[in-house]
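Mapping of the sequence shown onto our numbering: residues 29 to 182, in sequence order.
Every residue gets a Cβ at the ideal spot worked out from N, C-alpha and C, and that includes glycine.
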Amino acid sequence: MTHLQDQYLEIRRLLLDLLDSPVTEVAHIGGTALGDDGIIDVLVIVPSLHAMTTLDEKRLNLAGFYRLHHPYRKKCVFSQFHSMTTLEEKCRLHIVEENSDKAVRYMHSHHLLSQSSSLLRAFRNYKDRIRHLPKKDYETEKADWFRMNIANPL
Numbered sequence: 029m030t031h032l033q034d035q036y037l038e039i040r041r042l043l044l045d046l047l048d049s050p051v052t053e054v055a056h057i058g059g060t061a062l063g064d065d066g067i068i069d070v071l072v073i074v075p076s077l078h079a080m081t082t083l084d085e086k087r088l089n090l091a092g093f094y095r096l097h098h099p100y101r102k103k104c105v106f107s108q109f110h111s112m113t114t115l116e117e118k119c120r121l122h123i124v125e126e127n128s129d130k131a132v133r134y135m136h137s138h139h140l141l142s143q144s145s146s147l148l149r150a151f152r153n154y155k156d157r158i159r160h161l162p163k164k165d166y167e168t169e170k171a172d173w174f175r176m177n178i179a180n181p182l
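Rendered as structure tokens:
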């Protein structure tokens with residue numbers, strides 16, 4: 029087991045214990061789940077986004093996770109940082125509703141990447157080509173890649 033997998037398991041335990049618990053499922057997704065370095069992406073499934081109360085947000089804050097306020101569609105995102113000075117992310121929680129299209133797409137995308145070495149290689153190559161972009165542009169480009177190469181065929 030790698031250091032990043034150990035970190036994921038600790039985050040998983042924290043989420044299931046901490047939130048008392050609107051969380052119904054936690055999954056390690058993204059590049060670090062597939063052996064890459066980087067930000068640990070965690071898919072967090074809740075019955076509804078409204079189940080994430082102010083109290084849950086405060087509990088996440090106490091555990092070092094802070095909500096990112098961007099126009100995310102049908103999800104909440106929290107990040108944990110290596111440093112509050114540089115805002116270098118350590119872990120990102122993608123909180124979505126169970127049985128939603130977004131939850132299904134996340135799980136489907138992760139499954140496809142884990143099953144297809146050629147798709148995973150294409151994704152890694154694409155990320156390497158756009159790594160120089162500012163963070164916001166990098167995230168937008170990466171999301172567009174998913175929409176074009178994985179999400180739409182669903």
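- prompt: Would you say L32 and T60 are within 8 Å of each other, going by their C-beta atoms?
  reply: Translated into the one-based positions of the sequence shown, residue 32 becomes position 4. Translated into the one-based positions of the sequence shown, residue 60 becomes position 32. Taking 8 Å as the Cβ cut-off, L32 and T60 qualify as a contacting pair.
query: Can you give the Cα-Cα distance for T168 and L83, rounded to whole angstroms?
result: Position 140 of the sequence shown, counted from the first residue, corresponds to residue 168. Position 55 of the sequence shown, counted from the first residue, corresponds to residue 83. Answer to the nearest angstrom: the Cα atoms are 30 Å apart.
- prompt: Does the Cβ of A131 have 16 or more other Cβ atoms within 10 Å, making it buried, or fewer, making it exposed?
  reply: Looking up residue 131 in the sequence shown gives position 103. With 16 or more Cβ atoms within 10 Å of its Cβ, A131 is classed as buried.
- prompt: What runs of the alpha helix (DSSP H), each 4 residues or longer, lie entirely inside the segment 101-170?
  reply: 129-143 and 145-158
task: Can you tell me which of G63, L77 and G66 puts its alpha carbon nearest to the alpha carbon of H122?
output: Looking up residue 122 in the sequence shown gives position 94. Among G63, L77 and G66, the Cα nearest to that of H122 belongs to L77.
- request: Use the C-beta contact count for L37: other C-beta atoms within 10 angstroms, 16 or more gives buried, fewer gives exposed.
  value: Position 9 of the sequence shown, counting from 1, holds the residue named residue 37. With fewer than 16 other Cβ atoms within 10 Å, it is exposed.
message: If the criterion is Cβ atoms closer than 8 Å, does the pair L46 and A79 meet it?
response: Residue numbering aside, residue 46 sits at position 18 when the sequence shown is read from its first letter. Residue numbering aside, residue 79 sits at position 51 when the sequence shown is read from its first letter. It is not a contact, given that the beta carbons lie outside the stated cut-off.
query: Of the choices S111, E125 and E126, whose alpha-carbon is the least far from that of C119?
result: As a first step, residue 119 must be located in the sequence shown, where it is residue number 91. Measuring from the Cα of C119, the nearest candidate turns out to be S111.
task: Give the DSSP bridge partners of E197, in chain order.
output: There is simply no residue 197 to check, as the chain begins at 29 and stops at 182 in what is shown.
message: Helix, strand or coil for I178? Go by DSSP, reduced to three states.
response: Your numbering for residue 178 matches position 150 in the sequence shown. Helix.
- prompt: CB V74 to CB H56, shorter than 8 Å?
  reply: On the sequence shown, residue 74 is found 46 positions in, with the first residue counted as 1. On the sequence shown, residue 56 is found 28 positions in, with the first residue counted as 1. Against a cut-off of 8 Å, the Cβ pair of H56 and V74 comes out as no contact.
message: In the DSSP output, what is I68 paired with across the bridge?
response: Locating residue 68 in the sequence shown gives position 40, counting from the first residue. According to DSSP, which records beta bridges pairwise, I68 is partnered with C119.
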